[in-house]
Amino acid sequence: MAEISKAGLSGFLARQGIIVAFAVFMIVFAIANPRFIDIDNISGVIRSSAILGVMALGVTFVVIGGNLDLSVGSMMSFSTIVVLDLHDKIGPALAIPAMFGMTLCLGAFIGFLVGYLKLNSLIVTLGMLSAIHGLTLTYSGGQNMDIADKRGTWFNVFGQGDIIGIPIPILMFALLAAGLGVVLSRTAFGRKVYAVGGNGTAAVFSGIPRARIVFLTYLMSSFCVAMAGLMQASRSLGSQNTVGQGLELEVLAAVILGGASLLGGSGTIFKTVIGVLILGFIQNGLLLMGLAFYAQYVVTWVIIILAVWLDIAAKRGRLLSPIA
Amino acid sequence: MSNINRTDLIKQGAIWAFIAVELAFFSIAGKFLSVTDATFMDPENMLLLLKQSAPIGIIALGMTIVMINGNIDLSVGAIFAMSAVILLDSMGWAWMQSLGVWSIPISWGLALLTGVVLGAINGLIVWKTGVDAFIVTLGSMLGYRGLVFMYNGEQPTSHLNWTLVDFAEARFLGLHTATWFLLVVALILWLVMTRTVHGRNAYAIGNNREAAVNAGIRVGPHFLWNFMLIGFLSALSAVVFYSESGSVNPNDGMLYELWAITAVVLGGTKLTGGYGSIISTLGGVIAIQLLRKGLGHIGSDTETVNLVIGLILIAVLFLDRQLNRKGKEELRV
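Residue numbers (this note's numbering), protein chains in the order written: chain D, 1 to 324; chain A, 325 to 657.
Here it is in structure tokens:
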């Protein structure tokens, strides 16, 4: 009990470092500015992180499966634009399932290319980033999309409503995180995702259908993107074509910050949620300290590098890389 | 042996064949669909095309070397913007104004230095921490963009220097200044990659890093040099472009990394490293610009170009894999 060995401590830090860092970070900011831990502030931060967070949940599956998804940002723009357009044409009750169907088709296409055709996921999703952006612009004709009657619709409930004081975006994020967390850690499918990402060849030899698992991870990712698009559309009831531009990298940053390895096979939903919250609270904390909005980018950069560096330094047992 | 050479030939020639097909298609389709009477193959139009491909092209040439190494650089767009801001802002400083025409080389130097320093930061982190270049440059892409915004807020930075504009719009032997920069950079990098030890090491490291280390190649400094090189080229691209336009928005250069990577992959460079050529990348750059211009010429929306390029990128990846698989099977036989 008294003897916590040094190796044990560093091992603990390597495994749970992100949570420790999060705790330290919150305490420092709370001391610097008590307003930071105000309940309204905290709820506001989680609420504005919810859209990014929902997308990060899906990408976590893809990354654990050993692939990347850079197309989520432009796919989110697509679903936002589509649902807003269909809202006025066929009504919200039909528009939402139609948008989910179309977004899932895009996810299935990517999943087919990466899973069954075994193409490099970085380039495929890079190509899809561009292709879906083009698709969105073609669909909307380059115009901004707005709902005609903003007051007479119940559509805004997903982005602006609340149940017993809890904002619905937070509720959706929490429920989805809990649900996907169970899927990843408690089901056979979840175990197979880890197996495919950890060692694909070994997974195939033990009878896991690698292609189908990868396909399903992309389907889950596009489902989460559709959810995020719904929340975004419902929050603003109008949108530009580029609403999701650049989000793919912030999503990836959150997932990496949560400790998922880009090589696949590691990461959890819980840690991704922590990663998302860290990004959100950094942004908020720096603003409260009076720093420029864009300083958060620089701080995020430093934190991502440090997080990944310390992670691999703990694994190899020395701080600096052995490359000559 | 001859089989392997043939596969290589197909791979090297594919991009040029693709360009020829594009030219033929847009010339013929343009006759029926074009909104104007101008012919697509007009020499003036083609020269303009070369000029317009210079900014992405110069970056893509550097990206080729980094990708042959087996690394990637996602921060080039942000470095491009930062160098452009330094270039235009420094020309407005009071002591620089007093120098007259001499302020031009100094501000060029400052901009290029910015690029080299930002690239060196990337390279040092990759070398010393051993973190994957993808993550390192993903982070610095955010970080450098943050620096650009912190420098001047969301305001555009502008400074028009007419001497500079004249220089940028000048033509020598019919080619624009920007085209000359593109061609000279391509020539130098081609010489570096095919005729020097540094180039040979780049291929060796990309092929098999362990073997390269065992062969006594100092991989870390090699990475550092290449990241400094791509930083320099991103800055050079900014210098060439903004000398003429004279105004930079803090969002400029966004998605340049994607265009550059697309050009490099179209040119047949392998993502895993160890294979690729400067000349083919030049072909990839021209192919993309041709597609952009051609689609505009036959009257389709400019938005369609994103769709088409994305799908072509995926198709190239598919074909490349089929071609490689075929090569392997022949080898086994």
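Glycine included, every Cβ here is placed at the ideal spot set by N, Cα and C.
Values in this document were obtained by computation on a predicted structure and should not be read as measured data.
Check: Neighbouring residues, chain A, relative to ALA292 (chain D) (Cβ below 7 Å); Outcome: MET474
Check: Amino acids of chain D, ordered along the chain, whose beta-carbon sits closer than 7 Å to that of PHE551 (chain A); Outcome: Near PHE551 (chain A) there are no residues of chain D at all, since even the closest Cβ is about 13 Å away, more than 7 Å.
Check: Cross-chain neighbours of SER464 (chain A) in chain D, by beta carbon under 9 Å; Outcome: TRP301, ILE305
Check: Buried/exposed call for GLU534 (chain A), threshold 16 Cβ in 10 Å; Outcome: exposed
Check: Cβ neighbour criterion (16 or more within 10 Å) applied to GLN479 (chain A); Outcome: exposed
Check: Positions along the segment 33–65 of chain D whose CB lies within less than 7 Å of some CB in chain A; Outcome: none
Check: Cβ separation of LYS608 (chain A) and GLY591 (chain A), assumed to be a contact under 8 Å, to the nearest whole Å; Outcome: The residue you asked about is not Lys; residue 608 (chain A) is Gly in the sequence shown. Between GLY591 (chain A) and GLY608 (chain A) the Cβ distance is about 3 Å, and since that is below 8 Å, they are a contact.
Check: contact_flag[the segment 235–244 of chain D, the segment 75–92 of chain D] where n(CB pairs < 8 Å) is 3 or more; Outcome: yes
Check: Cβ neighbour criterion (16 or more within 10 Å) applied to TRP426 (chain A); Outcome: exposed
Check: Any C-beta of chain D under 8 Å from that of ASP456 (chain A); Outcome: yes
Check: DSSP three-state assignment for ASP146 (chain D), whether helix, strand or coil; Outcome: strand
Check: Coil, strand or helix - PRO429 (chain A) by DSSP; Outcome: helix
Check: Outcome for CYS105 (chain D) when other beta-carbon atoms lying within 10 angstroms are tallied against a minimum of 16; Outcome: exposed
Check: Proximal residues of chain A, C-beta to C-beta of ASN120 (chain D) below 7 Å; Outcome: LEU595, LEU641
Check: Contact check, MET227 (chain D) vs VAL63 (chain D), beta carbons under 8 Å; Outcome: no
Check: Test: ILE274 (chain D) CB closer than 8 Å to a CB of chain A; Outcome: no
Check: Beta-carbon contacts of ALA98 (chain D) that lie in its chain and below 6 Å, excluding the five residues immediately before and after; Outcome: LEU86
Check: Nearest neighbour of ASP397 (chain A), chosen from A:LEU515, A:GLY623, A:VAL521, A:ASN550 [CA to CA]; Outcome: A:ASN550
Check: Span of the alpha helix (DSSP H), counted from its first residue to its last, around VAL114 (chain D); Outcome: Looking at the DSSP string, VAL114 (chain D) is not in any alpha helix (DSSP H), and its letter there is neither H nor E.
Check: Top-ranked residue by Cα proximity to PRO92 (chain D), from D:PHE158, D:LEU291, D:VAL183; Outcome: D:PHE158
Check: Residues that ASP162 (chain D) bridges to, as DSSP identifies them; Outcome: D:PRO167
Check: Contact set for GLY246 (chain D): own chain, Cβ-Cβ below 7 Å, skip 5 residues either direction; Outcome: GLY73
Check: SER567 (chain A) classed as buried or exposed, judged by whether at least 16 other C-beta atoms fall within 10 angstroms; Outcome: buried
Check: For SER482 (chain A), three-class secondary structure by DSSP; Outcome: strand
Check: Alpha-carbon spacing of ASP149 (chain D) relative to VAL182 (chain D), whole angstroms; Outcome: 39 Å
Check: GLN296 (chain D) classed as buried or exposed, judged by whether at least 16 other C-beta atoms fall within 10 angstroms; Outcome: buried
Check: Neighbour-count burial assignment, GLN232 (chain D), 16 or more Cβ in a 10 Å radius; Outcome: buried
Check: Near-chain A residues of the segment 140–152 of chain D - C-beta to any C-beta below 7 Å; Outcome: GLY142
Check: Test item: CB-CB of GLY259 (chain D) and ILE18 (chain D) under 8 Å; Outcome: yes
Check: Min CB distance THR138 (chain D) to chain A below 8 Å; Outcome: yes
Check: The segment 452–468 of chain A in contact with the segment 308–318 of chain D per 3-pair CB rule at 8 Å; Outcome: yes
Check: Inter-residue CB distance, ALA457 (chain A) and ALA559 (chain A) (contact presumed, cutoff 8 Å); Outcome: The Cβ separation is near 19 Å, so there is no contact.
Check: Alpha-carbon to alpha-carbon, VAL563 (chain A) and VAL489 (chain A); Outcome: 11 Å
Check: Where LEU631 (chain A) meets chain D, residues with beta-carbon distance less than 9 Å; Outcome: SER130, ALA131, ILE132, HIS133, GLY134, LEU135, LEU137, THR138
Check: Contact belief for ILE428 (chain A) with ASN393 (chain A) at Cβ below 8 Å, rounded distance in angstroms; Outcome: Not a contact, Cβ separation roughly 34 Å.
Check: Any chain A beta carbon closer than 8 Å to TYR116 (chain D); Outcome: no
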